[in-house]
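Written out below as structure tokens is the structure these notes cover.
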Amino acid sequence: MFGPSARDGGSASNIAFSNGLLDPWHGGGVLHNISHSLVAIIIPEGAHHIDLMFSHPLDPPTVIHARQMECSLIREWVAQAQARSKGRKRRQPGWQLAPEGGAWS
Numbered sequence: 001m002f003g004p005s006a007r008d009g010g011s012a013s014n015i016a017f018s019n020g021l022l023d024p025w026h027g028g029g030v031l032h033n034i035s036h037s038l039v040a041i042i043i044p045e046g047a048h049h050i051d052l053m054f055s056h057p058l059d060p061p062t063v064i065h066a067r068q069m070e071c072s073l074i075r076e077w078v079a080q081a082q083a084r085s086k087g088r089k090r091r092q093p094g095w096q097l098a099p100e101g102g103a104w105s
């Protein structure tokens, strides 16, 4: 999904790359911020996708902090998108719902 251009910034934006250092594959991940909106989140006590699992009372503090950072980044990106779209005319979708009864005639 992410070729060489992703590591250089390319046309990607608003991505949090989380990497648990206990994951044997972390060396192939993004371990440094690429830009202000392509952010590396390093989890020293994290294994593969632990930050994406349900929270658990025994979660290491670094995992809890990573989740908080991810939520904060997403909130910031959504707020930025809302601010950019304020006042723009909204396009109608190119599709329509089926009439009541669920079938087109």
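Just so you know, full-length UniProt numbering puts 22 at position 22 of the sequence shown, and the rest follows in order with no gaps. Quick reminder that beta carbons are idealized off the backbone N, C-alpha and C, glycines included.
Looking only at its own chain, which residues have a Cβ that is under 6 Å from the Cβ of residue i, when we skip the five neighbours before and after it?
i, result
"L21", "P44"
"V30", "F17, A40"
"D23", "A47, H48"
"I15", "L38"
Are there 16 or more other CB atoms within 10 angstroms of the CB of residue i, so buried, or fewer, so exposed?
i, result
"G27", "exposed"
"G46", "buried"
Which stretch, first to last residue, makes up the beta strand (DSSP E) that contains residue i?
i, result
"A40", "38-43"
"I15", "15-20"
Name, in chain order, the residues that DSSP records as bridge partners for residue i.
i, result
"I64", "According to DSSP, which records beta bridges pairwise, I64 is partnered with nothing at all."
"residue 106", "Here the chain comprises residues numbered 1 to 105, so residue 106 is not present and cannot be evaluated."
Once the 5 residues before and after residue i are set aside, which same chain residues still bring their CB inside 8 Å of it?
i, result
"R84", "none"
"D51", "S18, G20, I41, I43, V63, A66, R67, E70"
"W25", "H48"
"S13", "S35, S37, L38"
"G87", "none"
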